[in-house]
Every structure is written in structure tokens, then in C-alpha cells.
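Numbering (the working numbering), first residue to last: 68 to 1075.
We treat Cβ as the ideally placed atom computed from N, Cα and C, and that holds for glycine.
Nothing here was measured: the structure is a model prediction, and the numbers come from that model.
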């Protein structure tokens, strides 16, 4: 007989041999180990031998069908209790053989604990079964390794545990060691508490093309070194499958697979690899669902399935339903879910209402879930994680899918979904990463197609980035009465990016088509920077219930890049409820490309939502848009009638984070901020607060209406506003618009534009501010206030109307209003019921150069033009003030200022009378400068043009003065000034050509 030391040496030698064999490709190792076993059997060595503890093994018993059975009896039963201990020298089960643990005593038994001491691995190619033990649990411990081959199977009433541990620790602290020891005398009736490991080179357990099953509600566990499961099925219906791999000394607790120090105080510092591949199946599905526990250093699931489905209510123990834990995978290194794999925790049948059943939980240092880049919907292959509630299920909720790691990577076509088609709620999908999270083109869906509510989607990175390239689809939607879920994307210390692959757009969206539950379907994005390229984040509402909001909170920059494909932050409504609010907070925002869009819109009855942007710097360029409009559906369902939207446009509010924004830039044709209305609803309102607003090259702010709805209001408060230029093709003016183009009777009026600049307001190079009407609605109103200067240079300010009344225009400045080569107009072209709008300029100084201020009418009443300057008014000869009406009543033109234009200079009126004859004699001096003026008393009486002549008449033409000016090649300048004071006002008016006067004595003598 070998000594204990000799046995240890043999054990170590064989363990090393088998370990080296099993870490090479499994099939080869299996064939080699099998070959050793079969050679031994050919030489007459029995596959199962006893090695103490009163274990007895019968001679082979031939059964019908060619099977060979080996009965195992005897053993040691401490105190006649419920624990039965066996010891084997060798333990193998050849093909078509049965290792039958037989209860020859008939005593009640809870646990059958067996060890293999011979130093050779156990090759299981046949069946291991228990007979006469009822639901007793079976433990088989072989520290040299365990190999399950083809045709291996189990027929055990209770739980079955296979381990390559060095000892089994009982709950009273006694160890049942793998080799005979002094502890054998201490064995007790206590249950097994832990698997103990003393060495680092723990032998592996391999399952090759086997089917290992335990009874309903029971446990199957494999605890050892590396676990390699290939082409096999592990089945524990409604029970538990526990897989644990170690590579260092320590203990693994039974039941939970938690780690603990071993008998030497050593904790597990290193864990091994668990690999499940080649269409293997691990299944604990059943009533109440089962539990799959996996613990190790690395886990690989390759083209295989893990199922923990719920088929009905779980068994009741002491009045409490037993509920499975689902799929729980925790490894210290990588967890890899590879192409063609499936993890599922679905709920079907009449499970208990209100109960949430098992979840899928994966925790690792790094999680990788890989799909097939060549995937197609018809043929797959599919890589799926799902937790669904089946159609017709009247019971409980499915559990969440939770992935926790330092870093997570999802590649190609991977489908994670929790779908409910029954009354139970679908589970949540949760990604939690301390570092980077990359979702490279997967589908993440929490959908409701029944009365149950959809789950939420949560993507978080505590300290890293969240990158979503290649067109991921992240969605929660419904088609029944269940509510849609919320979506959370959070990387507070990192960046979030969303982009597409070819023409496949990346999307994060919620879509409520049925439920009337308010507040559902919100989306929350939190990060340092957010970049969206050729992709979108969207909330769609098709109901009368108010949806949740779309919130974007960034400490850095929001960037939308959309030159070719839709790139958008968007909320829409297509029914009675308003669209979701869209709230954005970012230090800097850049929107570029004609397909870039930030919007909240209505296509039907509901109003557009509020669009609130809080930023220090906003740049909208190259056709990008910010919009809160009421519009026709751009993508109607084919065959459906086109529905005119009746909802009002939403509101847009743009300002700084805690004060006015530093800069807002709108640059390029198509770029702009829009709250326009295309249907019967009114346009929305826009409010901008910034230190600097710049609109160039065809950029626009617009709140216009094209139907019955009224135009919206535009309120802008800045330190400086600059609006200039046109688009590169010269077709689109930069500007601010709140007009109306509705042609039907009852068309809405234009809105009001209010622009306040605490310093300077500049409108130039073809730009415009317009609230005009091209249809039946009245034009809107324009108010511009500049603390220092208002400069209008080669630009227009208009509230004109083609068929209705014009709007008012009011320009107010503390300093100067200067209008150069420009037009300010409130003229109208309509009938006698229309009228030109009033125009009022009220600064310190007014300067008009080659410009027009018009409030004219055709048949209606002309508007009133009031120029009120506290210091001076200067108008050159090319400037026009006109409030006339062709066939109606003309409006008035009034100029009030203490300083007038005299001979091209601005001087105060003399405070003492002067000699009129002297001034008249000096007319030739004035004529040399080309300045011709009239002095008109504004009262009912008037002064003759020259001393001794008749009163002025506007009806008799006299052209000599103009002809004289032309003869001397002089230019005549026109100006009009109104002086006001405590006495009657005096008007100075100059005309080009001069006003027509009738003189009693003919012309005065010509100048030399």
C-alpha cells in the first residue's frame, strides 16, 4: 500500500498531467484522457474502485440493452446520521456504464459525499445515478480533474455537485479532504458549506457533448479549475446551475458561490476561465424560474444559450413563492458573449401578478458582447440578451438586464430587448460602467405591445466616455396601453457620441402611440460633451397624454454634425397632447449641416413643446436649424389623408447658463431659429438673451405663419446685435421674420418682433427685419431699441402688407439712428379697409442717407411717420419720407428736433430776430451750394416764398429753380425737419425737384 506522501506525489503528478492536457484544445485532451482510461480498462482495471470509508463497489452487473452497472454501497455514516461518505481510488464511468449509488441501508440520507484519491481524473462517459436515496444530494470530489464525455448523464434525486476541490468544508468546520486524513475521524452530519482549495494549479472540469440534468428545483454545480463546456446541455428545471472556476487557494461557498478564506487563511486571489461554446445550453427554466450562477476570472459564451425562463408561478414554501434569481455572471476579468449566443429570462404563463422574476446580471472588469458583422435579419446569426413577458401572460414582470463593468464593448449586430406582450411589465436594460462604454451598432429595446409597461434603458459611465458609433438603435415604444419607458444616458465626467454606419442612422428614441399615461418616455442625457453625427435622439407622441421631457445636461459642448443624413434632437406630437419639452444646457453648442436639427414640433392637434437652451456660446451654421414649429408631417403614411396641423408652434428660449449668453451666431442659408406655423395653429415665440447676436450669410430667426394661425413673437435682448449679408447665391437675406403669408380669408396676422440692444444694433448688407404680410393677414409689428446706435445700412425694416394693413415700426435709441441706402417701410397695397403702419424713430440723432421711410397706401390710409430726435435730424436729398395714399387718405410726416439741417450743417436756430432781407439777398450764396429750401409756417396761414409774392400753391408747376440748378450742374438735396417748442411748430422742408410755387411777379432775378 502506498504511503500518504506517495499518494500526494501521485496526485500532484497526475493533476499536472491532466491539467496540461486539458488546457490544449479540448477535443484532443479528451481523446487522450479517454485513451488512458480505455487502456486501463482493457488491461482489466475496474473503472470504479474503493479506497476506504467502508465504500464497497460491486462487480459489473450486465443489464438488458447491453448496459453495465456498478453498485456502490456501504460507506461511512457518522452517528447513523443523514450524511453518507464514500472514498474511491478510481472513479470513471465508461460508455454504456452506470455508476449506481445504492442505499443498501435504507436510512434517510441528505447528502452523499464522495472523493477520488487515486490521482487520476474521472472520465464520465456513462450515467451517474442514485437509487433508494430519494432527494439526497450527491457530491463527487476529484482534485485530479473531471471529464464528462459524449453520452454522459445524471439520474440523481437531489442536487449534484462535481468539484476538483481539495476538501469539502462542513458547516461545523470539519473538512472532508480529498485524501484520507485525520479529519476522517471527525466527519459529521453537518451539511456542506464550502469547496476548499489549497493549491493554485487546480484541475479543470470539462463537459464535452454531454447532457447533465437534475430534477425539478434541484442544483447542478461544477466547481474547480477551468470549466470547459462544449456542445453540451446542463439542465436544472426551476433549479440552479452553479459554475465556479478558481486558480488560487481559497474557498467557494455552496449555494451562493461567494468567496472565503480557506483553512490556511488564504483568500482567492486568482480565478479561472469558464468557457461555454459550440451551441451548448445551460437551462434552468421552469415554474418560478431558476438561477444560473457563474463565478470565475474569465467567462466566454460562444454561440451558446443560457436560459432562466419563467413558465409559471414558483413553488410556495411557508406561504412564500420561491422565485429564481435568473442569470448571474460575475467574473474578475473579461466576460465575453460571442456571436450566436442567447441569454434569456422570459416570463410566460400565469405567473404571479406584481412579482418581478429573475434578471440577467453580468459583472466583470470588461464585458464584450459581439455580434456578426455579416448579420442579416433573415438568417442571423443572432446575439441576443432578452427578458420578455410573453403574449397572453397574465402574471408577473420580467427582470432587468444589467451589465456592470469597468469597460463595456458591444460590437456589430447585438440585440438586447425586454418586450412585454402581456400584463406584466418588461424589464429594464442597464449598462453601468466605471470607465468607457462603447455600443457599436447594437439594438437596445424596451417595448410594450400589451397592457404591461415597457422597461427603462440606462446607460451610465461614472468616469469614462459613452461611444455609440455605427448606427445603434436604442428605443422604448409601445403599440398598446402599456407605458413606454425612460432612457438615461449619463457620463458626467466623460463624453457621449452617437453616429451612424453608412445609411443606418443611430437613434435614441421613445415612441408613445397608445397609452394615456402622462410623463412617460422621457430621455435624459448627462455628460461633459455630446456629439451627434448622422444620428438622432427623439421623443414621438401619438396620444393625448403628456410625454416626458428630453433633457440634455452638459458641462462642455454639444455638437450636431449633419451635412448628409438627419442629425437631430427632436420631440414631436401627432395627436392632442403637446410634444415633449426639449431642455438643453451646455457651455458651448455647435450645430452644423443642413440636416442638423434641434426641434420640438407638432404635426397635428397638440402644440409644440418648449425648447429651452442654456448656453454661453451657440453657433448655428451651414443650414442647421433650431425649430419649435407647427408643420405638416414630412413623412405621412402612404395612402393616409394629409392632415392640416392645428397645434401651435412651441416656444424657444435661448440664454446663458446663469446670465445672458456670451455669443449667438447664426450663419448661412437655411440656418436659423424657427417657430413658424404651417397650419391653423399660431406660430410659437422666440426669446434670445445674449451679449452678442450675429446673423450672417442668409441666417434667419423666424416666427411666421402661412395659414390661419398668427405669427409668433420674437424677443431678443443683447448688448450688441449684428445682422448682415445674404446667402452666397444672393437668394436669401439674413434677418428676423415674423410675417404672414396666408391667402385665405381669416389668415393670421404677422407677429411682433422686439429687438433690444443695450449698446449697438446693426442691420446691413442686404439683411432685413420683417413682419410683413404677403396674404390676407395684417402685418406684424417691429420694435428695435439700441442704447447707443441703430445702424441700418443697405438693409430693410418692413411691416408691409400686400392685401391687409401694415404693422407698426418703432426704432428707439439713446444715441443715433443712422439709415444708409436702406428702406424702412410699412406701406400697404390693399383696399380702402387697409392702412399703412405707423413708423416712429426716437433717438438723439437721426441721419438718413439715400434712404426711404415709407408708410404709403394705394386705396387705404397712409400711415404716420414720426421722427423725434432730441438733438438733431439730418436727411440728405436722396432720402424720402412718404406717407401718402394714392386714392385714400394720406398719413402724416412729422419731424421734431431742436436742430435742423441748414446748408448742409446742423446749427441751432438763432435766439434773436435777423434781417430777412439780408438772408434773401444771400440766396445766391446758398444756390452755389446747390441747396434749395422752403420755409413754411405750419399754421393755417403761411409765408410767401419771396417778399411781395403770392402764397405758395402746390398745384401750379414751376420748374425754373430746378432747371437753374441743372444748368449750373448743381445737386439739390431734400430734407424735412419739424421743430417743436412751447410755441407753434415751424417746419423746414426741402424738395428735389423743388416744391412748386406760384409767384405773383414771376421769377426773381437770376443769380450771377
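C-alpha gap between residue 126 and residue 163, whole angstroms: 15 Å
- request: Express the C-alpha separation of residue 713 and residue 646 in angstroms, rounding to a whole number.
  value: 13 Å
message: Please classify residue 611 as buried or exposed, where buried requires at least 16 neighbouring CB atoms within 10 angstroms.
response: exposed
task: Spatial neighbours of residue 829 within its chain, please: CB distance less than 6 Å, with the 5 preceding and 5 following residues excluded, ordered by chain position.
output: If we look at residue 829 and ignore the five residues flanking it on each side, its Cβ neighbours are 789, 858.
- prompt: Which word fits residue 1036, buried or exposed, when buried means at least 16 other C-beta atoms lie within 10 angstroms of its C-beta?
  reply: Residue confidence for residue 1036 is low, a pLDDT of 40 falling below 50, so the modelled location carries little weight and cannot support an answer.
- request: Throw me the rounded Cβ distance for the residue 508 and residue 537 pair, which I believe falls under 8 Å.
  value: 4 Å
- request: Determine, using beta-carbon pairs with one atom in the stretch 390 to 406 and one in the stretch 419 to 432, whether at least three such pairs fall under 8 Å.
  value: yes
message: Report the start-end ranges of each beta strand (DSSP E) in the stretch 322 to 349 that is 3 residues or longer and not cut off at the edges.
response: 340 to 344
message: What residue range does the beta strand (DSSP E) around residue 811 cover?
response: From DSSP, residue 811 is part of no beta strand (DSSP E); its letter is neither H nor E.
- request: May I have a chain-ordered list of the alpha helix (DSSP H) segments no shorter than 4 residues that lie completely inside the stretch 503 to 588?
  value: none
message: On the DSSP bridge list, what partners appear for residue 598?
response: According to DSSP, residue 598 bridges with 564, 626.
task: Note down, in chain order, each residue of its chain lying with its Cβ closer than 7 Å to the Cβ of residue 105, except the 5 sequence neighbours on either side.
output: With a pLDDT of only 43 at residue 105, under 50, the local geometry of the prediction cannot be trusted, and the value read off the model is given with reservation. If we look at residue 105 and ignore the five residues flanking it on each side, it has no Cβ neighbours.
query: Which residue's Cα is closest to the Cα of residue 895: 937, 938, 838, 851?
result: It is 838 whose Cα lies nearest to the Cα of residue 895.
query: Given 8 Å as the limit, is there contact between the stretch 764 to 774 and the stretch 787 to 801, that is, 3 or more CB pairs closer than that?
result: Short answer: they touch.
- prompt: Do residue 580 and residue 543 come within 7 Å of each other at the CB atom, strictly closer than that value?
  reply: no
task: Compute the Euclidean distance between the alpha carbons of residue 631 and residue 663, then round it to the nearest angstrom.
output: Between the C-alpha atoms of residue 631 and residue 663 there is a straight-line separation of about 9 Å.
- prompt: Using the rule of at least 16 other Cβ atoms within 10 Å of the residue's Cβ for burial, across every protein chain shown, is residue 1023 buried or exposed?
  reply: Below a pLDDT of 50, predicted positions are generally treated as unreliable, and residue 1023, at 39, falls in that range; the measurement from the model is reported next regardless. With fewer than 16 other Cβ atoms within 10 Å, it is exposed.
task: Closer than 6 Å by C-beta to residue 302: which residues in its own chain qualify, once you throw out the five before and the five after it? Chain order, please.
output: 280, 350
- prompt: Are residue 751 and residue 716 closer than 7 Å when you measure CB to CB?
  reply: yes
message: Which residue wins for smallest C-alpha separation from residue 203, given the options 259, 359, 134, 113?
response: 259
field: Pairwise C-alpha distance: residue 637 and residue 628
entry: 15 Å
- prompt: When you compare only the Cα positions, how much space is there between residue 893 and residue 686?
  reply: 32 Å
message: residue 556 and residue 511 - do their beta-carbons sit closer together than 7 Å?
response: no
message: Relative to the C-alpha of residue 1077, which candidate in 721, 415, 371, 227 has its C-alpha closest?
response: What the structure shows of the chain is the stretch from 68 to 1075, and residue 1077 is not part of that stretch, so it cannot be assessed.
message: Cutting at 6 Å between CB atoms, please list the residues of its own chain near residue 813, excluding the five before and the five after it.
response: 775
- prompt: Whose C-beta lies closer than 8 Å to the C-beta of residue 417 among residues of the same chain, with five residues either side of it excluded?
  reply: Here residue 417 has 379, 380, 460, 461, 462 as same chain residues with Cβ atoms under 8 Å from its own Cβ, once five neighbours each way along the sequence are excluded.
- prompt: So is residue 474 buried or exposed if we call it buried at 16+ other beta carbons inside 10 Å?
  reply: buried
message: Please state whether the Cβ-Cβ distance between residue 488 and residue 517 is less than 7 Å.
response: yes
- request: Could you say which of 634, 364, 684, 883 lies nearest to residue 936 if we only look at CA atoms?
  value: 883
message: Could you tell me the alpha carbon to alpha carbon distance between residue 364 and residue 328, rounded to whole angstroms?
response: 17 Å
field: Pick from 695, 304, 722, 410 that is closest to residue 368, judged by C-alpha positions
entry: It is 410 whose Cα lies nearest to the Cα of residue 368.
- request: Measure the alpha-carbon distance for residue 118 versus residue 151 and round it to whole angstroms.
  value: Looking at the two C-alpha atoms, the distance is approximately 15 Å.
message: If distances are taken between C-alpha atoms only, which option among 833, 657, 728, 648 comes closest to residue 674?
response: Measuring C-alpha to C-alpha distances from residue 674 to each of 833, 657, 728, 648 identifies 648 as the nearest.
- prompt: Taking DSSP as the reference, what is the three-state secondary structure of residue 672?
  reply: coil
Unbroken beta strand (DSSP E) run spanning residue 403, endpoints: Residue 403 -> beta strand (DSSP E) spans 401 to 404.
query: CB-CB under 6 Å to residue 852, same chain, minus the five flanking residues each way: which ones, in chain order?
result: 823, 879
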